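Peer 1: Please see the structure below; I have some questions.
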Amino acid sequence: MALVAWAPWAPWAGGSASRTRISLCASTRAPCAEGTIYCPISARKTTTAADAIEHVIGRLQLDRTKCYVLAEVKEFGGEEWILNPSDCPVQRMLLWPRVALEHRSLSGGDDYRFLLRQKNLDGSIHYGGSLQMWLQVTEERRRMVERGLLPQPESQGNHADLCRLPELNERSLLDNLRSRYRQERIYTYVGSILIVINPFKFLPIYNPKYVKMYDNHSLGHLEPHIYAVADVAYHTMLQRQRNQCIVISGESGSGKTQSTNFLIHHLTALSQKGFASGVEQIILGAGPVLEAFGNAKTAHNNNSSRFGKFIQVNYQERGTVRGAYVEKYLLEKSRLVYQEHNERNYHVFYYLLAGTSEEEREAFHLKKPEEYHYLSQHSQMTKNSQQPHWDCESEPDCFTVEGEDLKHDFERLQLAMEMVGFLPATRKQIFSLLSAILHLGNICYKRKTYRDDSIDICNPEVLPVVSELLEVKEEMLFEALTTRKTVTVGEKLIVPYKLSEAGTVRDSMAKSLYSALFDWIVFRINHALLNIRDLEDTTKILSIGVLDIFGFEDFENNSFEQFCINFANERLQHYFNQHIFKLEQ
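The sequence shown maps to residues -17 to -1, 1 to 568 in mature numbering (1 follows the signal peptide of the UniProt record, and there is no 0).
So, in structure tokens, the structure goes:
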């Protein structure tokens, strides 16, 4: 008959006066098999091996005519160390690696344990049967697990690291992820890789307590978290004096942008000294600004990034934030002039129309969203027609998203722009340009006569508004929208656009204006993040880069930009696979 005493204990959970439950069990089968009987006892740091043996004998009613000893095993199949009667098992466990205590569970564990062996009359050890002992989770440790200070005991369907699954197949992986997601444990490791499942709600696991909790802990010591990845990158950078990079990829709507925000928040929170405070404020303020001008609602995601960005946080050798740099990739310019069904233009337009005061609305000549062609068309314009086509009457909610507060978002954008360094006069110029782009989209064309291809503007009252907002002459604007200049040998020709070309020219002008504005905003953010001292001395600078690339999407009608987005995702996945396979080799 095999006798098992199981007792994983967290010795850091209390002092010498704290108690822990020890589960003892007797079984006629293999340890921890079905039919095992458990007997809880309590022990302290001062509990001796003799005390533990005596308690086990009494509770399990073992044969007192036999002699028992406790043996310590530190590795599976390793040599056993017989404890003296005065030795304290709990104190010996203090010398075990922390991971040996954290990853033990009620399903058993063979690496570090105590065995109750029967001693023969000649002093030799009888190996016919044994009582295995480990310290079980205490009430204090349970509370620490609930607070996130320690990982959950791994049981079926609750493995914090998928590499520890007893069976590695698609079903076991999905079942484990589903089980953890239902427990609101959205983070799961695959070795050094972190899987994140978007909860689509706020979870209270991102406050300063968690920032401090994950500081200077290696992966696996605590419950999986995005902060753990940032912390490992930060301390690896300092220890090895090498730059680090964190790549975030996934489908659209999987939470990449929000994960980037959490990473940047933690990377800046790790440095709280001197010059870092001002840079951190700018870094955190840049996020909402880029999000407002570069994100939009799609059919699959209410806050989809329509551009890729690489944020590089620079540090001094001692770990203080020195500055940062933002690089953007492939802004989806076509979204400005056309959106598919159940999609919207960039967020900033809706913020502007909902959040401005009456005085600002008058100054920027703002109207209702449904009065702008670039915000209200959800189907292709009629063939051979350059007239704006509105169909929002059948979809009154095409301008709003459930749970969205556009006025609050506009105030948040204003505050973020102020944090980054945009003065009120500069913000006014930006909003004036945005309004000009919206009015530009309302311009429509007609033929002057049926005898030639020359064109005219149907609604000339829009031109003075656009010219005022852009601060350009009305004549120059009209000329740019209706004619093109062709230079030949010795002469310059002015050729009018055809009716079929004029709408494309108008949209190209709008896209160029918005793209130039976005590039300039990124430039201003980088200028604010630049540390002038980096140009003045030769101090070594370390960095951590975070890549937030647009997610893979497949629509009914995919644009060229969407093709580029999906191709970039595939290339990134290819690089990732090569990197992982190289590490395994």
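Every residue gets a Cβ at the ideal spot worked out from N, C-alpha and C, and that includes glycine. A quick note: this is a predicted structure, and the numbers were derived from the prediction, not measured.
1. Roughly how many whole angstroms lie between the Cα atoms of G291 and T466?
2. Can you pull the DSSP bridge partners for residue 607?
3. With a 10 Å radius around its C-beta and 16 neighbouring C-beta atoms as the bar for buried, classify Y558 as buried or exposed.
4. Can you tell which of C146, H248, Y51, K192 has its C-alpha closest to the C-alpha of A213?
5. Hey, could you find the ends of the beta strand (DSSP E) R305 is sitting in?
6. Name the DSSP beta bridge partners of T171, please?
7. Return the bridge partner residues of G291 from the DSSP annotation.
8. Can you give the Cα-Cα distance for residue 630 and R163, rounded to whole angstroms?
9. Skipping 5 residues on each side, what residues in its chain have a beta carbon closer than 7 Å to that of F564?
10. Please state whether the Cβ-Cβ distance between A307 and V320 is less than 8 Å.
11. Helix, strand or coil for L452 per DSSP?
12. Considering only their Cβ atoms, is the gap separating V194 from A143 smaller than 8 Å?
13. Buried or exposed: N278, going by 16 or more other Cβ atoms within 10 Å of its Cβ?
14. When you compare the stretch 415 to 429 with the stretch 443 to 459, are there three or more beta-carbon pairs, one atom per stretch, that lie closer than 8 Å?
15. In chain order, which continuous runs of the beta strand (DSSP E) of length 3 or greater are located wholly inside the stretch 497 to 551?
16. My understanding is that I504 touches V272, with C-beta atoms under 8 Å, so please give their C-beta distance in whole angstroms.
17. Compare the beta carbon distance of R434 and L482 with 8 Å and say whether it is the shorter of the two.
18. Let me check understanding here. Comparing Cα to Cα, which of I426, F183, H204 lies closest to residue 569?
19. Given N226, which residues of its chain have a CB within under 8 Å of its CB, disregarding the five upstream and five downstream residues?
20. Would you check if the stretch 436 to 446 and the stretch 474 to 490 touch, i.e. whether three or more CB-CB distances between them fall below 8 Å?
21. Would you list the residues sitting across from V320 in a DSSP beta bridge?
22. Who are the near neighbours of L314 in its chain, counting only those whose CB is closer than 7 Å to its CB and skipping five residues on each side?
23. Taking all protein chains shown into account, do 16 or more other C-beta atoms lie within 10 angstroms of the C-beta of P447, making it buried, or fewer, making it exposed?
24. Let me know the secondary structure DSSP gives C427 once reduced to three states.
25. What would DSSP say about A143, mapped onto helix, strand or coil?
26. Mind checking whether S235 and N285 have CB atoms under 8 Å apart?
27. Buried or exposed: where does N541 fall if 16 or more other Cβ atoms within 10 Å of its Cβ makes it buried?
28. Based on Cα-Cα distance, which residue from Q299, N328, T303 lies nearest to E274?
29. Expressed to the nearest angstrom, what Euclidean distance is found between the alpha-carbon atoms of L389 and K311?
30. Would you report the Cα separation of E544 and L555, rounded to the nearest angstrom?
31. Please determine, among E342, V384, L349, N325, the residue with the shortest C-alpha to C-alpha distance to residue 586.
32. Under the DSSP definition of a beta bridge, which residues are partnered with N278?
33. Looking only at its chain, what residues have a beta carbon closer than 6 Å to the beta carbon of W373, apart from the 5 residues adjacent to it on each side?
34. Within 10 angstroms of its Cβ, does M459 collect 16 or more other Cβ (buried), or is it exposed?
35. Could you name the residues that DSSP lists as bridge partners for I440?
Peer 2: In this structure, then:
1. Straight-line Cα distance between these residues: approximately 35 Å.
2. Only positions -17 to 568 of the chain appear in this structure, which leaves residue 607 out of reach.
3. Label assigned to Y558: exposed.
4. That would be H248, whose Cα lies nearest to the Cα of A213.
5. From DSSP, the beta strand (DSSP E) with R305 extends over 304 to 312.
6. In the DSSP assignment, T171 forms a beta bridge with I178.
7. BP columns for G291 point to Y312.
8. Lying before the first or after the last residue shown, residue 630 is absent from the chain, which here runs from -17 to 568.
9. Within the same chain, no Cβ atom closer than 7 Å to the Cβ of F564 is found once the five residues on either side in sequence are excluded.
10. Contact: no.
11. In the structure shown, L452 sits in a helix (DSSP, three-state: H, G or I).
12. Not a contact, by the Cβ cut-off of 8 Å.
13. Buried.
14. Yes, the stretch 415 to 429 is in contact with the stretch 443 to 459.
15. Listed in chain order, they are 525 to 531.
16. Yes, I504 and V272 are in contact; Cβ-Cβ is about 7 Å, under 8 Å.
17. Between R434 and L482, the gap from beta carbon to beta carbon reaches 8 Å or more.
18. The question about residue 569 has no answer, for the chain in this structure spans -17 to 568.
19. Correct list, in chain order: M220, L525, S526, I527, G528.
20. Yes, the stretch 474 to 490 is in contact with the stretch 436 to 446.
21. In the DSSP secondary-structure assignment, V320 is not bridged to any residue.
22. For L314, where only same-chain residues beyond five positions count, the Cβ hits under 7 Å are G277, R289, F290, S498, F501.
23. Result: exposed.
24. In the three-state reduction of the DSSP assignment, C427 falls in the coil class.
25. A143 falls in the coil class under three-state DSSP.
26. No, the pair does not count as a contact, with Cβ atoms beyond the cut-off.
27. Of the residues assessed, N541 falls on the exposed side of the cut-off, its CB having fewer than 16 other CB atoms within 10 angstroms.
28. The candidate whose alpha carbon is nearest that of E274 is N328.
29. Counting only the Cα atoms, K311 lies some 25 Å from L389.
30. The straight-line gap from Cα to Cα measures roughly 16 Å.
31. It is not possible to answer for residue 586, since the shown part of the chain is limited to -17 through 568.
32. In DSSP, N278 forms a bridge with S288.
33. Here W373 scores only 41 on pLDDT, less than 50, and its place in the model is too uncertain to base an answer on.
34. Classification for M459: exposed.
35. Per DSSP, Y428.
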